[in-house]
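Residue numbers (the numbering used here), protein chains in the order written: chain A, 2 to 302; chain B, 798 to 895; chain C, -8 to 343.
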């Protein structure tokens, strides 16, 4: 679960029957069904029930299901956990995480419900969204707070408001936050996800942002429309050249291991562990993007 | 569960259903249904509603359904929400949910 | 299209609504609590309102679409938003006033026609059994007899003038039903008024006091009755209330005669009586006008009683109300109503 591909996480409002029903069709890597900001407080109970019955009924055909619950400091968070653990999404996502305590508390409650429902401990994963300056500062301790945590995300809207600024095209106001979150995630050995891009009519601007966050090291991005899926998958898909190189690396290592030899070189460069890791990741990404198929333990174009 | 006031849940959007539950003055369960797919699914919808009411132990209610093509799981979710609102009960008993 | 939800009206938003309402010959109503306005934003500089709908309490009304946008589903969109807002308020039933031509559209939204007046106005409700359930409740009070009368009263508060009307009416029928207006917009609450009426007629036989619920001069059936809007009473509303009475309530109770007091003061009520006579006449129900009781050469006015009461001039009330009402007015229980009356009175009125 921790290393699963999460390039795209499609945001699905939790009180909308039609959208929930069709969400998996678009083949994003994950869908995030929201019980928080997209649901008015008067419909929290109805949305919770709708997501509950939907998760228990629909087959999401391999698309990962994430539910964003309400914060534990709201009247709804605890009830969300009770219902959602029973509904068994793959992951529960916490909003507005400011400290390790938030994560630990949530994990504890989830454990309680897993036990109550006879589910294996840890069967439901956790994601934490950092949406405040304090959360950014505490990013590393948040990222280390629980075994359940598969990744942390940056939520820009609330953060930028708290920072007393606004979002801009080049996103300079998010530079520190993004860097902090992805660094913390890597240091803790988990994934990092970027925030949504709201302007659906600006495809160029969107692509630029996706390229930026990929370069920063993010594993994926939240998206608000199926139209955004392709761009993200394209950007995250390795180029033919990258794939070719990666294949060479992997083959060279396999050969070296078979022969029992030590240090090897590919294209004049020394191959050490990080390079092998990167190569494997490239091939996995390529496979997930459909440009490569995996047969008999080897990658084939 | 006893119906003490009017409770409704859902919307009139396509694929959804608006369910209103009212007290029926001790005259058992009464269902009024208006559906965009009445012919094909009217019977099925009524069955789902009756079954769910039974599970919730509701023996007296006037249930009005405005269906815009909702699937069974949406009908159930909206009905359970409306019943709890009409019974003035905030806490759902998740253990007893199907 | 821009959608705007207004729960606190300003001059500007009211103007936006009325600009569309006028095009359909409708007027703004001052008790509106919430409105939806849809703007056409094609011209970037100046978005103009092209559709609007509102509600007051649980009654949807003042619906209009710009002629240029008719048939484009805007009316449905407006009403869907209003219904969603009302559903969140968890009301028991939703009523709607609309043009008869909109009946099919509203049926798709879950409404059922109750009554139509002329070609102008239709009253519909969301509860499929609303009116029939109310009639069943009324039916339980039926009595046998040749002449069954009905009197619709507000009694704010119950005066000797009201008592006189009831006495006169009950003399002319074997049983009299008093239907009490149940809107809580009068200074004395529905419960208070009911109690005073019951106390005031306890000695008269063959009289049954009932509440009118949502279906007798309520804001559902007769919204402008309570409004001090400086406009003429809309005849259509009066006819809706009258027709509803004729088609549903009278048959449920077996009423053969509707009594009304003649109305020297209030043009709203006068006009209503006129409509009543016309509409009920069509259904074979007799309408009898009873001359009001005079005291010191003047018909007894409940508003005069309220005014004197609020000013503490109880001595001057004794000739106007029965003992039971007087007792109540002199008790602390009447304080709540007193404050309400004072709040409504202007300084000028207070010194009269």
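Quick reminder that beta carbons are idealized off the backbone N, C-alpha and C, glycines included.
Could you check how far apart the C-beta atoms of residue i and residue j are, in whole angstroms? I think they sit under 8 Å.
| i | j | result |
| --- | --- | --- |
| residue 168/C | residue 244/C | 5 Å |
| residue 227/C | residue 204/C | Not confirmed; about 21 Å, so no contact. |
| residue 126/A | residue 151/A | 5 Å |
| residue 191/C | residue 164/C | Not confirmed; about 19 Å, so no contact. |
| residue 810/B | residue 851/B | That pair is no contact at about 28 Å. |
| residue 77/A | residue 45/A | 5 Å |
| residue 162/A | residue 174/A | Incorrect: roughly 11 Å between the Cβ atoms, too far for contact. |
| residue 253/C | residue 281/C | 7 Å |
Would you say residue i reaches chain B, if we count a Cβ-Cβ gap shorter than 8 Å as a contact?
| i | result |
| --- | --- |
| residue 83/C | yes |
| residue 83/A | yes |
| residue 219/C | Only weak support is given to the placement of residue 219/C: the predicted model assigns it a pLDDT of 47, under 50, and the question is left unresolved by the model. |
| residue 119/C | yes |
| residue 222/C | In this prediction, residue 222/C has a pLDDT of 42, which is less than 50 and means its spatial position is unreliable; nothing more can be read from the coordinates. |
| residue 0/C | no |
| residue 78/C | yes |
| residue 199/C | no |
| residue 66/A | no |
| residue 100/C | yes |
| residue 94/C | no |
| residue 75/A | no |
| residue 47/A | yes |
| residue 78/A | no |
Look at the Cβ atom of residue i, then the Cβ atom of residue j, and state whether they are nearer than 8 Å.
| i | j | result |
| --- | --- | --- |
| residue 41/C | residue 51/C | no |
| residue 183/A | residue 224/A | no |
| residue 120/A | residue 90/A | no |
| residue 47/A | residue 98/A | no |
| residue 816/B | residue 859/B | no |
| residue 129/C | residue 240/C | yes |
| residue 38/C | residue 32/C | yes |
| residue 23/C | residue 59/C | no |
| residue 246/C | residue 208/C | no |
| residue 110/A | residue 79/A | yes |
| residue 290/A | residue 234/A | yes |
| residue -4/C | residue 5/C | no |
| residue 234/C | residue 278/C | no |
| residue 66/A | residue 222/A | no |
| residue 11/A | residue 33/A | yes |
Quick one: give me the first and last residue of the alpha helix (DSSP H) that residue i is part of.
| i | result |
| --- | --- |
| residue 304/A | Since the first residue shown for chain A is 2 and the last is 302, residue 304/A is missing from the structure and cannot be characterised. |
| residue 130/A | No alpha helix (DSSP H) holds residue 130/A; the beta strand (DSSP E) holding it covers 126 to 131. |
| residue 256/A | 241 to 260 |
| residue 296/C | 293 to 301 |
| residue 330/C | 326 to 335 |
Taking 8 Å as the CB-CB cut-off, is residue i touching chain A?
| i | result |
| --- | --- |
| residue 831/B | no |
| residue 819/B | no |
| residue 877/B | yes |
| residue 784/B | One cannot answer for residue 784/B here, as it falls past the ends of chain B, which runs 798 to 895. |
| residue 873/B | yes |
| residue 868/B | yes |
| residue 893/B | no |
Does at least one heavy atom of the ligand MN sit under 7 Å from the Cβ of residue i?
| i | result |
| --- | --- |
| residue 133/A | Looking at this structure, you won't find the ligand MN or any other ligand, since it has none at all. |
Could you give the first and the last residue of the continuous beta strand (DSSP E) run that contains residue i?
| i | result |
| --- | --- |
| residue 277/C | 277 to 281 |
| residue 121/A | No beta strand (DSSP E) holds residue 121/A; DSSP gives it neither H nor E. |
| residue 287/C | Element bounds for residue 287/C: n/a, residue is neither H nor E. |
| residue 94/A | 92 to 95 |
| residue 71/C | No beta strand (DSSP E) contains residue 71/C, which is instead part of the alpha helix (DSSP H) from 65 to 79. |
| residue 859/B | 858 to 864 |
| residue 152/A | 150 to 155 |
| residue 45/C | 39 to 47 |
Compare the C-beta of residue i against all C-beta atoms of chain C and say whether one is closer than 8 Å.
| i | result |
| --- | --- |
| residue 797/B | Given a span of 798 to 895 for chain B in the structure shown, any question on residue 797/B remains unanswerable. |
| residue 843/B | no |
| residue 856/B | no |
| residue 837/B | no |
| residue 850/B | no |
| residue 859/B | yes |
| residue 847/B | no |
Original post:
Is the number of C-beta pairs between the segment 62 to 78 of chain A and the segment 257 to 271 of chain A that are closer than 8 Å three or more?
Top reply: Result no; under three Cβ-Cβ pairs closer than 8 Å.
**OP:** Decide if the segment 103 to 123 of chain C is in contact with the segment 148 to 165 of chain C; the criterion is three or more beta carbon pairs, one per stretch, under 8 Å apart.
**Re:** Look at the beta carbons and you see the segment 103 to 123 of chain C not touching the segment 148 to 165 of chain C: under three pairs across the two are nearer than 8 Å.
Subject >> Three CB pairs or more closer than 8 Å across the segment 273 to 289 of chain A and the segment 816 to 834 of chain B >> reply: No, because fewer than three Cβ pairs between the segment 273 to 289 of chain A and the segment 816 to 834 of chain B fall closer than 8 Å, the two stretches do not touch.
Original post:
At a cut of 8 Å, does the segment 20 to 30 of chain A reach the segment 212 to 230 of chain A through at least three beta carbon pairs?
Top reply: By the Cβ test, the segment 20 to 30 of chain A is in contact with the segment 212 to 230 of chain A, since at least three Cβ pairs between them sit closer than 8 Å.
**OP:** Evaluate contact between the segment 132 to 151 of chain C and the segment 315 to 333 of chain C, counting only Cβ atoms and requiring at least three cross-stretch pairs below 8 Å.
**Re:** Touching, yes.
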